[in-house]
Amino acid sequence: MLRRIIKPVILTAAVVITVTIETPAMAAPAPANFGTTAPRTSITFTHTPTGNTVGTPNEHESRPGLSIVKLYIADYVYDHGTDADKADAFRMLQVSDDGIASALYERYPDSIDSTSRKYGLHDTHAAPHWGYSTTSTYDSTRYLEARKRDHGVADPILTALATAAPVAADGYRQDYGTSHLPGVIGTKWGWSDDRSTIHATASYGTDFSVSAHTYGPAAQLTGDVLGAFAGGYGTLPGPSPANQAITDAAHGAHATVNGIAGAISTVPGSSDAAAHSAAQAHQAIESATDQARRMAERFAG
């Protein structure tokens, strides 16, 4: 009997970009008053169609990750876990269940670090207990954008955020921070055990993702977020033609990877190999995109 052996395929994409210096302005959703945000709070906002990202000066601070890091645990579970574990991960995100998070993290201790490597989350660092792990608003926003890009808004992780319970498993209300912004579809909330010293949220909409973190109560986070957007969605200086070309090329490369992975996964027994190869390819594209943007900045400077 003949056996078809499916080997993991590494999917790659090469992009050649001409760099120019001119930088026009464009209308795009953006916080209008970022400059007024107090240092206690960090915020990051990405406009999905252009990939344009803006943030407070401290957006790369690796702060207590709280329950935001449950996103990273869930990501790993959806890549490697059993169906039962995936169901638990979905519930964990909806109600921010700490018990489920602890059980999954014990079963998958490399989950946070693996997810940070997968998506290039350089400000994210795992701890022996998931609750002591750290991340940044930049990383959580980057993560949400990647999930939308790779899986669409029907993605189970994003769906869990869109169907989150109004009250968490521990009785805390999930109704603050970036979830108050117009256009938000889903949110992950996080808070310190004392429910007063630290709060964080990560939200997404059809054409944006946004995250915020504050050292203070929930109302303070909401106030700082709404203050940053008090002028509405202002006019954001657009990317240079070079950066726009980089973004467009990256989007095309990611779409190609998804198409190839989808075709490979139709072959019986190949879905895991296709998913693994696609994840590696997406990571390589993101790394190349970051390098290209840094090169464009050097030429522009």
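Residues -27 to -1, 1 to 274 in mature numbering (1 follows the signal peptide of the UniProt record, and there is no 0) are what the sequence shown spells out, letter by letter.
Using N, Cα and C, we set each Cβ at its ideal position, and we do this for glycine too.
Owing to the predicted nature of the structure, the values given are computational and were not obtained by experimental measurement.
Q. In angstroms, rounded to a whole number, what distance separates the CA positions of GLY38 and HIS95?
A. Within the sequence shown, numbered from 1, the residue matching residue 38 stands at position 65. Within the sequence shown, numbered from 1, the residue matching residue 95 stands at position 122. Using only the alpha carbons, I get a separation of about 13 Å.
Q) Does DSSP classify SER257 as helix, strand or coil? A) In the sequence shown, the residue the question calls residue 257 occupies position 284. According to the sequence as given, residue 257 is Ala; it is not Ser. Helix.
**Q.** First and last residue of the uninterrupted beta strand (DSSP E) at ALA185
**A.** The residue labelled residue 185 in the question sits at position 212 within the sequence shown. Run containing ALA185: 181 to 187, per the beta strand (DSSP E) assignment.
Q: Please classify PRO37: does DSSP put it in a helix, a strand, or coil?
A: Within the sequence shown, the letter at position 64 stands for residue 37. Strand.
(Q) Taking 7 Å as the limit between beta carbons, can you name the residues of its chain near ARG146, skipping five residues before and five after? (A) What you label residue 146 is simply residue 173 of the sequence shown in a count that begins at 1. Within the same chain, ARG146 has close Cβ partners PRO139 and VAL140.
Q: Please look up how many angstroms separate the CB atoms of SER89 and TYR45, rounded, as I've assumed it's under 8 Å.
A: On the sequence shown, position 116 is the one that residue 89 refers to. On the sequence shown, position 72 is the one that residue 45 refers to. 7 Å between Cβ atoms; contact.
Q) In terms of residue numbering, what span does the beta strand (DSSP E) encompassing HIS172 cover? A) Numbered from its first residue, the sequence shown carries residue 172 at position 199. Here the beta strand (DSSP E) through HIS172 covers 172 to 177.
Q: Could you name the residues that DSSP lists as bridge partners for ILE73?
A: Sequence index remark: in the sequence shown, residue 73 carries index 100 (1-based). Under DSSP, ILE73 shares a beta bridge with no residue.
Q | Reference GLU79; option with closest CA among ASP56, TYR49 and PHE63 | A | Looking up residue 79 in the sequence shown gives position 106. Checked all of ASP56, TYR49 and PHE63; the closest Cα to GLU79 is TYR49.
Q: From the DSSP output, in three-state form, read off ARG146 for me.
A: Sequence index remark: in the sequence shown, residue 146 carries index 173 (1-based). Looking at ARG146 - three-state DSSP - the assignment turns out to be strand.
Q. Looking only at C-alpha atoms, which of HIS186, ALA175, ALA47 and THR160 sits nearest to TRP103?
A. Residue 103 sits at position 130 when you count from the first residue of the sequence shown. The residue with the shortest Cα to Cα distance from TRP103 is ALA47.
(Q) To the nearest angstrom, how far is the alpha carbon of ILE233 from that of HIS124? (A) For this step, residue 233 is matched to residue 260 along the sequence shown. For this step, residue 124 is matched to residue 151 along the sequence shown. Taking the straight line from one Cα to the other gives about 14 Å.
(Q) At the level of alpha carbons, what is the spacing between PRO12 and GLY189? (A) For the purposes of this step, residue 12 is identified with residue 39 of the sequence shown, where counting begins at 1. For the purposes of this step, residue 189 is identified with residue 216 of the sequence shown, where counting begins at 1. Roughly 12 Å separates the two Cα atoms.
Q) For the stretch 63 to 145, which segments carrying the alpha helix (DSSP H) assignment without a break, of at least 4 residues, lie completely within its bounds, in sequence order? A) Restricting attention to alpha helix (DSSP H) runs no shorter than 4 residues, the stretch 63 to 145 encloses them at 71 to 80, 84 to 92, 110 to 124 and 129 to 135, ordered along the chain.
Q) Of all the options GLY156, HIS20 and ALA222, which has the alpha carbon lying nearest to the alpha carbon of GLU118? A) Numbered from its first residue, the sequence shown carries residue 118 at position 145. Of GLY156, HIS20 and ALA222, the residue nearest in Cα terms is HIS20.
Q. Start and end of the alpha helix (DSSP H) containing ILE158?
A. Indexing the sequence shown from 1 puts residue 158 at position 185. It is not in any alpha helix (DSSP H) - ILE158 carries neither H nor E in the DSSP assignment.
Q | Bridge partner(s) assigned by DSSP for ILE16 | A | Taking the sequence shown and counting its residues from 1, one reaches residue 16 at position 43. The partner list for ILE16 (beta bridge, DSSP) reads ALA185.
Q) Around the Cβ of SER169, are there at least 16 other Cβ atoms within 10 angstroms (buried) or fewer (exposed)? A) To locate residue 169, count along the sequence shown from 1; it is residue 196. Label assigned to SER169: exposed.
Q | 8 Å Cβ shell around HIS153 - same chain, five flanking residues per side excluded | A | Residue numbering aside, residue 153 sits at position 180 when the sequence shown is read from its first letter. Excluding positions up to five away in sequence, the list reads THR195, VAL198 and LEU199.
Q: Look at the Cβ atom of HIS172, then the Cβ atom of SER109, and state whether they are nearer than 9 Å.
A: Here the question's residue 172 lines up with position 199 in the sequence shown. Here the question's residue 109 lines up with position 136 in the sequence shown. Cβ atoms of HIS172 and SER109: not closer than 9 Å.
**Q.** Residue from VAL126, TYR177 and ARG120 with nearest C-alpha to LYS161
**A.** To locate residue 161, count along the sequence shown from 1; it is residue 188. Answer by Cα proximity: TYR177.
Q: Spatial neighbours of ASP56 within its chain, please: CB distance less than 8 Å, with the 5 preceding and 5 following residues excluded, ordered by chain position.
A: For this step, residue 56 is matched to residue 83 along the sequence shown. Take ASP56, set aside five residues on each side of it, and no residue of its chain has a beta-carbon closer than 8 Å to its own.
**Q.** Same chain, Cβ closer than 6 Å to SER113, five either side skipped, listed in chain order
**A.** Here residue 113 is taken as the residue at index 140 of the sequence shown, counted from 1. ILE41, ALA175 and SER184.
Q) Using CA coordinates, which residue listed in VAL126, THR14 and GLY28 is at the minimum distance from ALA5? A) Along the sequence shown, one-based indexing puts residue 5 at 32. The option with the nearest alpha carbon to ALA5 is GLY28.
Q) Under a three-way DSSP split, which group does GLY8 fall into? A) Stepping through the sequence shown from its first residue, residue 8 is reached at position 35. GLY8: helix per DSSP, three-state reduction.
Q: List the residues that DSSP assigns as beta-bridge partners of ASN25.
A: Within the sequence shown, the letter at position 52 stands for residue 25. BP columns for ASN25 point to HIS20.
Q: Provide the residue(s) that pair with GLY163 in DSSP beta bridges, ordered along the chain.
A: Looking up residue 163 in the sequence shown gives position 190. Note: GLY163 sits in a beta bridge opposite ALA173.
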